[in-house]
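Protein chains in written order, with numbering that gives the first Met the number 0: chain X, 0 to 540; chain P, 0 to 302. Where is the CB? At the ideal position from N, CA and C, for every residue including glycine. Written out below as structure tokens is the structure these notes cover.
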Amino acid sequence: MTATLTVSERQIGLLLSVLLALMGLVMAAVARHGAMSVHGVMAVGLGLVLAFRFGGALYDPAPPADRLRHYYDAPTRFGIVMTLVWAMIGMGVGVWVAALLYWPEATPLWPATSFGRLRPVHTTGIIFGFGGNALIATSFHVLQRTSRARLADSVSPWVVLVGYNLFCAWAVTGYLMGATQSKEYAEAEWYADLWLVVIWVTYFALYLRTLARRNEPHIYVANWYYLAFILVVAMLHIVNNLALPVRLTVAESFPVWSGVQDAMVQWWYGHNAVAFFLTAGFLGMLYYFLPVRSGRPIWSYRLSIVSFWGITFFYIWVGSHHLHYTALPYWAQTLGMTFSVMLLVPSWASAGNAIATLNGAWHKVRDDATLRFMFVAAVFYGLSTFEGSFLAIRPVNSLSHYTDWTVGHVHSGTLGWVAMIVFGAIYTLVPQLGGKAEMASPRAVEWHFWLAVAGTLIYVVSMWNAGITQGLMWRAYDENGALSYSFVQSVEAMAPYYLLRTIGGGLFLTGAVVCAWNCRATMRGATGEATDRPLAAQPAE
Amino acid sequence: MPSQTDPRQLAGADPHTGNRKIDPATGYDTTGHDWGGITELNTAFPKIVIWALALTFLYSVVAWVLLPAWPTGGDYTRGLLRLDQGEQAVDGFRDLSDGRQGWLSRFEDGDFDALRSDAALMAAAMPAAARLFADNCAACHGTSGQGGPGFPVLSDGTWLWSGDPAEIALTIRHGINADDPDTRYAEMPAFDWMERSERTALAQFVADLPLGSADPESPAGVLFAENCSACHGETGAGGLEIGAPSLTDRAVIYGQDPATVMETLRHGRSGVMPAWSARLSAPEVNLLALYVAELDRPAGGAQ
């Protein structure tokens, strides 16, 4: 990191590191005990490590003067490393909690390892750790390439990445200590939420500043998607996390929303976290890496624009479909249901546009596992968006709600679509950023592909069966009007599916471990840098 | 209507001929944009997308007309079907409970001998009772009433408060040591005032009771007679139906090894069974009482 920064940038870095350590010190000192003080100590530790790093390298040789004529890829490389680190954590915990559902007696007698605390470690680790780092890392790459401009400055990319990973680390360690807001996908405590706002605004500003320096007359559709991701996530995050701390010295807080309004705000957030975190950003990834890897033009320019506005417009309405048959007024449920159905059209238009882009490159899909990852991602995107619209229809939801079908649906999206496109992007980027033609082991990529596909299919099919079985057992009455099954019978019926799910998740995790090893080998053997250049000379400092 | 723009002025067009790059695989020209090598085909907007959008919009309009849909300030559009999900839920619940009333209402008055002798009624009722038991009682008493540490076994024929269905129904309705004015009350007091050596001897005596090797003439036996027999009976055989268990049989709640008995003597016990009258209807309580009473009979209702 320090080698790519000028002396004055290192000084700024040193100052920011010291400020981070001071902030952590204040947090630890005022909180004295509990999650907030541990998080303060973590910030002190990170700040000190960074301060020593910058301080020790302060007067090292300056980076070459022509660096501004290159793209700035060091943050992307770091982001990819963090993506893979979080993949190990998030998927590892996921397989572990899946196993606990099959072997609940295996839960250690230690509160930090209970299912309730580990489950958000899995979701946060995957969505924010794995997905978020992949989005930030690839967004820096895509933004620079499609704008033909270097990142607007060299310090703020590091602020974004390091600060974001501190947020993720605060979140998951907080859960282990029992600190949670109890809002799904928004469990992190109030000070972590405030911290993320600062980081996110820095990210948004960096994105806009770089975009303003673009050397292309138009903004490529991938950047539209990344921008929607950044902007809407900021809006969702702020509104859903509005809370009053019990005291400024403790981690606990009360949300400002209550009752059914709180539920509606939570699922407006929750579903649009799926829409703008897990969909829009990754569509940006798809729209860049798929044409690059296949060497094909985007099939339809017009369709890509209409799909973008369709997705952003329809998605924001549909959160209420998570609250069918609840205290939420019927009219809000109807709106959520109908907009979910209309949302299918732009979703499938995007998936179709991606698949049609491969026309003329099917031989590459056959031969290149990296491109196959992206193809499978587009197919699963189409499948899971169809499933999502289907499950949002009220009578269908009355069968599927609260069952493992929902879990299967989410994983068809996260394993089949999100993770697949991330791996496709990583396998394209890692060799390119190291100045190499291909990964250290192309055979390992092939192995990873089949492990990932097999794992996803086993996982999703077993959860479909599990969910439909549960839904049917819960609603079955015998001829005397009594329930046909007790609840615990429906739990016992899950055993084979939970075992299969653990196996499927294990296969997927194995593939990710192979990927991490392969990326490490490729990065270690890197001989140079990316060879492409911004279109014009960049402004001097 | 044909475009009036001079093709030579379009982005990406050859400035002399006006021709744009044609993609050989599809035969389409491109839009002329070029983002670091990414181009886009100038394909016509696919008609099927318009049709699909129109179709899903039509579905939505029909739903909005029929169902409650759009907020109008203080109110909302009610929809032609005038549906109300609260009413639907109540109606659905009523339909289901009406379907059960034919046989379930027979359990209203709790004439257990008459109920027991009606084989047809029992055939209809016992499977339902099994699910009711699994959903409400099994969490503590085990799926087949086999109990667990701290929770009495219901299938071994030993009873704290009698195995008569009427008494079991009373326990279910009001609980034991529960938050209910008519609850059953039972407490094993703590004998922490006793010398530890005496407690040790007493614990061994109690542990020996089921084995038949306890000597009532021993000092521990005297201690038992003075302190324990009022509730557990002179011989420790219980059976007083006041919640104090027999100590001479093999049935246990907390355990009858010396260490567990020491724990019991030191701290006392007052296990809680919740009152269910707020959650289960009177016929359901009677149904469960009969089911639990039959649990220890091999040919009984337990499946």
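Can you name the start and end residues of the alpha helix (DSSP H) that residue i belongs to?
i: Ser-346(X); result: 329–356
i: Ala-168(P); result: 164–173
i: Phe-106(P); result: Phe-106(P) -> no alpha helix (DSSP H), and no H or E assigned at all.
i: Phe-166(X); result: 155–175
i: Leu-471(X); result: 441–473
i: Lys-46(P); result: 46–65
i: Asn-285(P); result: 281–293
i: Ile-392(X); result: From DSSP, Ile-392(X) is part of no alpha helix (DSSP H); its letter is neither H nor E.
i: Glu-197(P); result: 195–207
i: Lys-363(X); result: 361–366
i: Ser-485(X); result: Where Ser-485(X) is concerned, there is no enclosing alpha helix (DSSP H), given that its DSSP letter is neither H nor E.
i: His-140(P); result: 137–140
i: Phe-422(X); result: 419–432
Quick check on residue i: does DSSP put it in helix, strand or coil?
i: Phe-51(X); result: helix
i: Glu-262(P); result: helix
i: Pro-1(P); result: In this predicted model, Pro-1(P) has a pLDDT of only 49, less than 50, meaning its place in the structure is not dependable; the value taken from the coordinates is given anyway. Pro-1(P): coil per DSSP, three-state reduction.
i: Gly-78(X); result: helix
i: Ala-301(P); result: With a pLDDT of only 39 at Ala-301(P), under 50, the local geometry of the prediction cannot be trusted, and the value read off the model is given with reservation. Three-state result, Ala-301(P): coil.
i: Ser-252(X); result: strand
i: Leu-243(X); result: strand
i: Tyr-75(P); result: strand
i: Leu-68(X); result: The question names Leu, yet the displayed sequence has Arg at residue 68(X). Here Arg-68(X) sits in helix by DSSP.
i: Gly-505(X); result: helix
i: Asp-152(X); result: coil
i: Ala-539(X); result: Interpretation of Ala-539(X) is limited by its pLDDT of 46, a score under 50 that renders its predicted location unreliable; no figure is taken from the coordinates.
i: Thr-299(X); result: Looking at the sequence provided, one finds Ser at residue 299(X) rather than Thr. It is a strand residue.
i: Phe-150(P); result: strand
i: Pro-110(X); result: helix
i: Ile-310(X); result: helix
i: Arg-116(X); result: helix
i: Thr-182(P); result: coil
Cβ closer than 9 Å: which chain X residues qualify as neighbours of residue i?
i: Gln-145(P); result: Residues of chain X passing the Cβ test: none, with the nearest at roughly 14 Å.
In chain P, which residues lie with their C-beta within 8 Å of the C-beta of residue i?
i: Glu-528(X); result: Residues of chain P passing the Cβ test: none, with the nearest at roughly 16 Å.
i: Leu-302(X); result: Thr-42, Phe-44, Pro-45 and Val-48
For residue i, return the contacting residues in chain X, with the cut-off set at a CB-CB distance below 8 Å.
i: Asn-176(P); result: Per Cβ cutoff of 8 Å: no residues; Asn-176(P) is ~26 Å from chain X at best.
i: Ser-59(P); result: Thr-337, Phe-338, Val-340 and Met-341
Let me confirm a value: residue i is counted as buried when at least 16 other C-beta atoms fall within 10 Å, else exposed. Which label applies?
i: Val-255(X); result: exposed
i: Asn-239(X); result: buried
i: Val-89(P); result: exposed
i: Ala-46(P); result: Per the sequence shown, the amino acid found at residue 46(P) is Lys instead of Ala. Burial call: exposed.
i: Leu-266(P); result: Position check: residue 266(P) holds His in this sequence, whereas Leu was assumed. By the 10 Å Cβ count, His-266(P) comes out exposed.
i: Pro-164(P); result: buried
i: Thr-157(P); result: buried
i: Ala-119(P); result: exposed
i: Val-6(X); result: exposed
i: Val-161(X); result: buried
i: His-400(X); result: buried
i: Gly-91(P); result: exposed
i: Glu-540(X); result: Confidence is the limiting factor: at Glu-540(X) the pLDDT is only 44, short of 50, which leaves the residue's position unreliable, though a coordinate-based value still follows. Result: exposed.
i: Trp-192(P); result: exposed
Between the Cα of residue i and those of the options, spot the shortest distance and give me the residue it belongs to.
i: Glu-8(X); options: Pro-495(X), Tyr-476(X), Asn-214(X) and Val-158(X); result: Val-158(X)
i: Asp-72(X); options: Val-421(X), Ile-135(X) and Ala-42(X); result: Ile-135(X)
i: Glu-445(X); options: Leu-456(X), Ala-368(X) and Met-263(X); result: Ala-368(X)
i: Pro-533(X); options: Phe-275(X), Val-200(X), Val-25(X) and Arg-213(X); result: Arg-213(X)
i: Trp-63(P); options: Tyr-286(X), Ser-489(X), Pro-244(X) and Thr-337(X); result: Thr-337(X)
i: Glu-39(P); options: Arg-19(P), Ala-51(P), Val-48(P) and Leu-54(P); result: Arg-19(P)
i: Thr-304(P); options: Pro-296(X), Arg-365(X) and Gly-269(X); result: Since the displayed chain P opens at 0 and closes at 302, residue 304(P) lies outside it and no answer follows.
i: Pro-23(P); options: Gly-504(X), Ala-360(X) and Arg-519(X); result: Ala-360(X)
i: Met-522(X); options: Val-490(X), Thr-427(X) and Val-291(X); result: Thr-427(X)
i: Met-341(X); options: Val-221(P), Trp-50(P), Leu-264(P) and His-32(P); result: Trp-50(P)
i: Val-232(X); options: Leu-302(X), Arg-208(X), Ile-126(X) and Trp-298(X); result: Ile-126(X)
i: Ala-348(X); options: Thr-30(P), Leu-52(P), Gly-36(P) and Gly-35(P); result: Leu-52(P)
For a contact meaning CB atoms closer than 7 Å, what does residue i contact in chain X?
i: Trp-102(P); result: Asn-479
i: His-32(P); result: His-217
Can you name the residues of chain P whose CB is closer than 7 Å to the CB of residue i?
i: Leu-343(X); result: Thr-55
i: Ile-126(X); result: The premise fails here: Ile-126(X) is roughly 28 Å from chain P at the closest Cβ pair, so nothing lies under 7 Å.
i: Gly-359(X); result: Ala-24 and Thr-25
i: Ser-485(X); result: Arg-130, Ala-133 and Asp-134
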